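> Below: one structure in structure tokens.
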Amino acid sequence: MAEEDSFSSSATTSQEQEQLENRNLIVPSVAADHHTDDLTEASTTLSGFAGVKLGTGSVKKLVIRNFKDKPLILENYTEEAWQKLKEAVQAIQNNTSVQYSLEELYQSVKNLCSYNLSANLYKQLKQLCEQHIRAEIHQLREYPFFPFELFIFFYHARQMSMIRNIFLFLDRTYVFQISMLSSIWDMGLELFKSYIIRDQNVQSRTIDGILLLIEKERNGEMIDRCLIQRLLSMLSDLQIYQVSFENKFLEETNRFYAAEGRKLVQKKEIPGCLYHIKNLLEEEVDRVRAYLSLNTQKLLIAIVEKQLLGEHLSAVLQKGLSYLLDENRVEDLSVLYQLFSRVEFGVQVLLQHWIDYIKVLFKEDIIEK
């Protein structure tokens, strides 16, 4: 019995050892198979860009401790993802259909940012936009009619809005954190300003076209106010309204109303002159509300008041103050006072002429008596 127990025990031990040896052979094999499956799964996932989910469990399986060389999967994906984004941007710029969904493109941007490639992505996008803007200059030179630049800007703004939607993750993370970088929208405006509006031929044509329309309106012609408003809004968006337009506009306003002031004093009687000045001032205020910047109003009205009235105070009063007082034209005198109170020394000059009128009146009364 003892021998049988010993044999049985020996046999059992022999069987357990054999099983352990077999298990040792199996474990490395299973591990190898499992490792191969992970690479296949990761490769398949990356090849379908929309399915990439960085930071999930499947990506963690890509950590390969046995390899010393950097895997090429990331490089392949970044090239293919950028190519997809580039095609989408160029399609938007050329007004053709985009082959990929917004969600898919947004995810590609997010993935590239997660790979710490945000700086390079922003640089590539800016270069792509810059190339397109340079091409737009040639279009403007081939079609030199006003206001073609407005249509170029309109399409550019719409395109940049769509492009920003694609790169929104980049805009709200990397760009937002670096103060020296312009947002994608501002970057587009700066490129348009640098390459198109600052082109002397384009800028001169744009400003001269706007000023011509305003002068036509001042002369009583009907114009497209909406067109002017859009053009001036474009200049405001580009932050060149004051430098490129306002200064020249005020110079032209000064010239126009200097001539208008001389004409009024020479040809109109004082009641008509006063109401014409009042109407012109109201028209300029309405012009500000319609398409000019509110910041322009104070300077504009000051010029109109000066040229229509300030330069002709004594001439206007000599032309008809006595008539208004003699006829007791209270309403006209009220308008006269309101207008004169708007310009420097207006009230003082009016008071002096009124005193002179009283003196003459009393002198005549004394002589008659």
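In UniProt numbering, the protein residues as written are 1 to 369.
For glycine and all other residues, C-beta sits at the position ideal for the given N, C-alpha and C.
Bear in mind the structure is a predicted one, so any value in this text is a computation, not a measurement.
Assuming residue 333 and residue 324 make a contact with CB atoms under 8 Å, what is their CB distance in whole Å?
Confirmed, Cβ separation roughly 5 Å.
> So what's residue 116 in DSSP terms, helix, strand or just coil?
DSSP places residue 116 in coil when its eight states are reduced to three.
> Take residue 260 and list the residues in its own chain whose beta-carbon comes closer than 8 Å to its own, dropping the five residues that flank it on each side.
These residues qualify, in order along the chain: 280, 307 and 308.
> Helix, strand or coil, according to DSSP, for residue 180 in the structure here?
In this structure, residue 180 counts as coil in the three-state DSSP scheme.
> Applying the 10 Å Cβ sphere with the 16-neighbour rule, what's the burial state of residue 76?
Answer is exposed; the Cβ neighbour count stays below 16.
> Please work out which residues of its chain come closer than 7 Å, Cβ to Cβ, to residue 92, disregarding the five sequence neighbours upstream and downstream, and give them in chain order.
Same-chain partners within the cutoff: 98, 159, 162 and 163.
> Between residue 152 and the ligand FMN, is there a pair consisting of the residue's CB and a ligand heavy atom that are separated by less than 7 Å?
Among the ligands in the structure shown, none appear at all, so the ligand FMN cannot be discussed.
> So what does DSSP say about residue 360, is it helix, strand or coil?
Helix, per DSSP.
> Does the stretch 261-268 come close enough to the stretch 177-196 to have 3 or more Cβ pairs within less than 8 Å?
No: the two stretches stay apart, fewer than three of their Cβ pairs being nearer than 8 Å.
> Within 10 angstroms of its Cβ, does residue 291 collect 16 or more other Cβ (buried), or is it exposed?
Under this definition residue 291 is a buried residue.
> Helix, strand or coil: which one does DSSP assign to residue 188?
Three-state result, residue 188: helix.
> Leaving out five residues before and five after residue 353 in sequence, what residues of the same chain have Cβ atoms less than 7 Å from its Cβ?
Excluding residues within five positions, the ones whose Cβ falls inside 7 Å are 317 and 321.
> Quick one: what's got a C-beta closer than 6 Å to residue 206's C-beta in the same chain, skipping five residues either side?
149, listed in sequence order.
> Helix, strand or coil: which one does DSSP assign to residue 310?
Helix at residue 310.
> My parser needs the alpha helix (DSSP H) runs of 4 or more residues fully inside the stretch 243-276; what are they?
Listed in chain order, they are 247-267.
> Using a Cβ distance threshold of 8 Å, determine whether the stretch 232-240 contacts the stretch 166-177, with at least three qualifying pairs required.
No, they do not touch.
> Residue 121 and residue 113 - do their beta-carbons sit closer together than 8 Å?
Their beta carbons are under 8 Å apart, which means residue 113 touches residue 121 by this criterion.
> For residue 194, which option in 221, 255, 151 and 131 has the closest C-alpha, if you only look at C-alpha atoms?
Checked all of 221, 255, 151 and 131; the closest Cα to residue 194 is 131.
> Could you check which residue in 304, 212 and 336 has the C-alpha nearest to that of residue 347?
The candidate whose alpha carbon is nearest that of residue 347 is 336.
> Work out the CA separation of residue 89 and residue 213 for me, nearest whole Å.
The straight-line gap from Cα to Cα measures roughly 36 Å.
> Have a look at residue 174 and residue 78 and give me their C-alpha separation to the nearest angstrom.
Roughly 17 Å separates the two Cα atoms.
> Taking the alpha-carbon positions, what's the residue 108 to residue 249 distance?
Their Cα atoms are separated by approximately 48 Å.
> If we count the other Cβ atoms within 10 Å of its Cβ and call it buried at 16 or more, is residue 6 buried or exposed?
Because residue 6 sits at a pLDDT of 41, beneath the cut-off of 50, its placement in the model cannot be relied upon, and the following sentence gives the value as read from the coordinates. Counting Cβ neighbours within 10 Å, residue 6 comes out exposed, since fewer than 16 surround it.
> Can you give me the start and stop residues for the alpha helix (DSSP H) that residue 206 sits inside?
From DSSP, the alpha helix (DSSP H) with residue 206 extends over 200-218.
> Let's test the definition: count the other Cβ atoms within 10 Å of the Cβ of residue 296 and tell me whether it reaches 16, buried, or not, exposed.
Burial call: buried.
> Indicate whether residue 339 and residue 278 have their beta-carbon atoms separated by less than 8 Å.
In this structure, residue 278 lies closer than 8 Å to residue 339 by Cβ.
> Helix, strand or coil: which one does DSSP assign to residue 329?
Residue state, collapsed to three classes: coil.
> Can you have a look at residue 361 and say buried or exposed, based on whether 16 or more other CB atoms are within 10 angstroms of its CB?
The residue is exposed, with fewer than 16 neighbouring Cβ atoms inside 10 Å.
> For residue 258, I'd like the list of residues in its chain whose CB is within less than 6 Å of its CB, leaving aside the five on either flank, ordered along the chain.
Answer for residue 258: 307, listed in chain order.
> For residue 350, which residues of its own chain have a beta-carbon under 6 Å away from its beta-carbon, when the five flanking residues on both sides are left out?
For residue 350, where only same-chain residues beyond five positions count, the Cβ hits under 6 Å are 340.
> Measuring only the C-alpha atoms, how far is residue 137 from residue 165?
Their Cα atoms are separated by approximately 25 Å.
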